[in-house]
Amino acid sequence: MMKKTELLEQLRRIVGETQVLTEGDLTAWEQDWRKRERGKALAVVRPANTQQVADVVKACAAAGTAIVPQGGNTGLAVGSIPDASGSQVLLSLSRMSAIRGIDAANLTVTVEAGCVLQSLQEAARNAGFLFPLSLAAEGSCTIGGNLATNAGGTQVLRYGNARELCLGLEVVTAQGEIWDGTSGLRKDNTGYDLRDLLIGSEGTLGVITAATMKLYPLPAARLTAWAAVPSLAHAVQLLGLAHQQLGAGLTGFEVMGRFALGLVAKHFPSQRVPFIAEDDGASPWCVLLENSDNESEQHARERFEALLEKAFEDGCVSDAVVAENLGQAKALWHVRESIPLAQAEEGLNIKHDISVAVSHIPDFVAQTDALLQEAIPGVRLVNFGHLGDGNLHYNVQAPADGDARAFLANEEERINTLVYDAVQRFGGSISAEHGIGSLKAHKLEKHKSPVALSMMRAIKGALDPQNILNPGRVLRPEPKH
Numbered sequence: 048m049m050k051k052t053e054l055l056e057q058l059r060r061i062v063g064e065t066q067v068l069t070e071g072d073l074t075a076w077e078q079d080w081r082k083r084e085r086g087k088a089l090a091v092v093r094p095a096n097t098q099q100v101a102d103v104v105k106a107c108a109a110a111g112t113a114i115v116p117q118g119g120n121t122g123l124a125v126g127s128i129p130d131a132s133g134s135q136v137l138l139s140l141s142r143m144s145a146i147r148g149i150d151a152a153n154l155t156v157t158v159e160a161g162c163v164l165q166s167l168q169e170a171a172r173n174a175g176f177l178f179p180l181s182l183a184a185e186g187s188c189t190i191g192g193n194l195a196t197n198a199g200g201t202q203v204l205r206y207g208n209a210r211e212l213c214l215g216l217e218v219v220t221a222q223g224e225i226w227d228g229t230s231g232l233r234k235d236n237t238g239y240d241l242r243d244l245l246i247g248s249e250g251t252l253g254v255i256t257a258a259t260m261k262l263y264p265l266p267a268a269r270l271t272a273w274a275a276v277p278s279l280a281h282a283v284q285l286l287g288l289a290h291q292q293l294g295a296g297l298t299g300f301e302v303m304g305r306f307a308l309g310l311v312a313k314h315f316p317s318q319r320v321p322f323i324a325e326d327d328g329a330s331p332w333c334v335l336l337e338n339s340d341n342e343s344e345q346h347a348r349e350r351f352e353a354l355l356e357k358a359f360e361d362g363c364v365s366d367a368v369v370a371e372n373l374g375q376a377k378a379l380w381h382v383r384e385s386i387p388l389a390q391a392e393e394g395l396n397i398k399h400d401i402s403v404a405v406s407h408i409p410d411f412v413a414q415t416d417a418l419l420q421e422a423i424p425g426v427r428l429v430n431f432g433h434l435g436d437g438n439l440h441y442n443v444q445a446p447a448d449g450d451a452r453a454f455l456a457n458e459e460e461r462i463n464t465l466v467y468d469a470v471q472r473f474g475g476s477i478s479a480e481h482g483i484g485s486l487k488a489h490k491l492e493k494h495k496s497p498v499a500l501s502m503m504r505a506i507k508g509a510l511d512p513q514n515i516l517n518p519g520r521v522l523r524p525e526p527k528h
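Here it is as structure tokens:
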């Protein structure tokens with residue numbers, strides 16, 4: 048077995064002396080975004096190109112050293128930092144940030160894994176196209192990480208998750224071989240879909256180094272509305288109306304509970320939260336809708352106003368406002384995107400990224416809210432998320448007079464069990480878009496079918512027989528008998 052010092056020297060020869068970091072403050076790579084855990088890397092290695100990634104993986108494979116791939120380190124499931132052993136190599140893709148090219152006729156862009164999502168959005172916009180993946184961390188998350196976790200965001204309703212936006216990958220295997228599948232074909236029916244296998248695998252099956260992504264024409268107009276609704280059932284009714292009236296023009300449909308919005312008003316008083324001052328009980332929920340139109344702003348506004356008029360008539364909206372300009376639209380979206388930050392300001396909390404069928408969401412929330420409030424009197428529920436695709440960020444805050452740190456330490460496991468059991472009863476998923484990482488790996492074993500887990504383990508064993516790629520993430524080692 049190669050000694051650690053020999054491996055480090057080899058890694059320095061591959062990527063350069065200054066790109067193998069072993070000393071100094073490595074917090075940016077070793078601590079997860081939520082500051083829940085801090086690991087210890089043998090080294091942070093920063094390759095500049097795909098061949099260097101392949102050579103690094105080969106060297107680590109020969110040494111039997113585990114590798115943890117990392118993009119922007121904005122994940123929420125503790126899946127991209129090293130463990131505490133000091134024996135794992137942290138492979139940062141951040142230097143590989145180039146946009147290799149835009150194919151206008153094919154409506155595709157090929158981009159390296161370390162490209163920040165916002166940079167890709169801007170490059171597409173400057174070329175006259177839309178890249179629709181959008182999420183709160185877009186200023187720092189990277190395309191490789193988005194694909195490794197199959198990121199969702201606010202426009203999944205129209206454009207799908209990262210998986211649906213990807214036409215091809217370039218990947219370094221666990222053996223250090225390079226698979227170039229970036230052709231950008233929309234039809235390629237030649238066997239197993241390796242692209243879909245690698246997307247969402249969280250760095251456990253291969254290292255994504257580049258991808259070919261779909262582009263769309265820029266819409267002629269994009270309008271945003273904010274509506275107050277009497278209940279979650281009415282929000283679901285409004286969603287149905289929006290599908291009927293707007294069709295494919297409906298690109299966003301977010302739901303936000305009053306307590307979640309109240310946290311934004313409390314901690315970011317400079318933001319204007321619509322209807323939050325109206326404490327009449329008529330609007331316990333608000334909905335943020337987005338309508339994209341390929342014809343004109345006037346056409347978009349007419350359709351939007353017709354939708355809201357019908358919604359008022361049907362009683363599923365109690366109040367509404369349509370943004371008059373881009374600045375107002377951005378301000379409304381900023382309120383929605385500030386909920387996680389406001390919740391963090393309120394104190395440590397227990398996060399859930401769950402999905403159930405849209406039709407079941409009102410009953411799921413009502414029943415699970417009741418169970419939690421019975422179990423822990425005074426518990427506060429921060430409910431918000433992507434109602435249009437059935438994904439709720441169903442978060443739990445300590446009672447107002449409680450110790451948030453003690454609440455997290457003492458109640459997290461019990462609350463997670465209660466919430467995930469409820470999700471299972473409703474036929475849902477315990478992770479809609481954040482992934483499994485190490486945070487939920489033990490829960491996956493309970494809530495994924497044994498047949499599915501067996502198939503997943505077979506795939507992992509076939510593609511990474513040494514178990515050197517992000518070990519312990521998604522799948523925990525099987526117990527030895």
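The opening position of the sequence shown corresponds to residue 48 in the working numbering, with each subsequent residue numbered one higher.
The beta carbon of each residue, even a glycine, is placed where N, CA and C say it ideally should be.
Computed from a prediction, not measured in an experiment: that's the story for all the values here.
L379 and D102 have their alpha carbons spaced roughly 47 Å apart. Collapsing the DSSP output to three states places T112 in coil. Partner residues in the beta bridge of T259, as assigned by DSSP, are T157, G215. By the C-beta density criterion, S343 is exposed, having fewer than 16 other C-beta atoms within 10 angstroms.
Ranked by Cα distance from L336, the first of V311, I323, S385, L286 is L286. I401 carries a strand assignment under DSSP once its states are collapsed to helix, strand and coil. The three-state secondary structure of A275, taken from DSSP, is strand. No residue range can be given for D511, since it is assigned to no beta strand (DSSP E) and is classified by DSSP as neither H nor E. Linking V283 to E53 through their CA atoms gives a straight-line distance of about 60 Å.
In the structure shown, A469 adopts helical secondary structure according to DSSP, grouped into three states. Around the CB of D436, 16 or more other CB atoms lie within 10 Å, so the residue is classed as buried. Straight-line spacing of the CA atoms in L270 and A90 works out to 47 Å.
Beta-bridge annotation (DSSP): F300 is paired with L336.
Taking the C-beta atoms as reference points, I128 is found no nearer than 9 Å to E70.
Here DSSP, grouped into helix, strand and coil, assigns N438 to strand. Between S476 and T189, the alpha-carbon positions lie close to 25 Å from each other.
Counting only unbroken stretches of 3 or more residues, the beta strand (DSSP E) elements lying wholly within the region 70-140 are 88-92, 114-117, 135-139, in sequence order. Counting the other CB atoms within 10 Å of its CB gives N120 a total of 16 or more, which places it among the buried residues. Distance between R523 and Q513, taken at the CA atoms: about 14 Å. Going by beta carbons, F300 and L216 fall outside the 9 Å limit. Rounded to whole angstroms, the gap between the alpha carbons of S330 and R305 is 8 Å. Cβ-Cβ separation between N430 and A307: approximately 6 Å, consistent with a contact (criterion under 8 Å). As the crow flies, the alpha-carbon of A108 is around 23 Å from that of R242.
The region 155-164 makes no contact with the region 392-404: fewer than 3 CB pairs, one atom from each, lie closer than 8 Å.
For D366, there is no enclosing alpha helix (DSSP H); the residue is part of the beta strand (DSSP E) that begins and ends at 366-369.
The beta-carbon separation of A195 and Q135, rounded to 17 Å, does not stay under the 8 Å limit for a contact. Residue pairing by DSSP places A183 opposite no residue, since no beta bridge is assigned to it. Straight-line spacing of the CA atoms in E56 and L137 works out to 16 Å. Separation of L486 and F315 (C-alpha to C-alpha, rounded to the nearest whole angstrom) is 30 Å. The alpha helix (DSSP H) runs of length 4 or more contained entirely in the region 448-509 are, from start to end of the chain, 451-472, 488-494. Across the structure, L373 and V382 are spaced so that their CA atoms are roughly 14 Å apart. In terms of Cα proximity to Q99, the closest of L214, G191, I225 is I225. Looking at the DSSP output, Q444 sits in a beta bridge with N396, R427.
By the 16-neighbour rule on beta-carbons within 10 angstroms, D511 is buried.
When the five nearest sequence neighbours on each side are left out, the beta carbons in the same chain lying within less than 7 Å of the beta carbon of L73 are those of A88, V91, in order along the chain.
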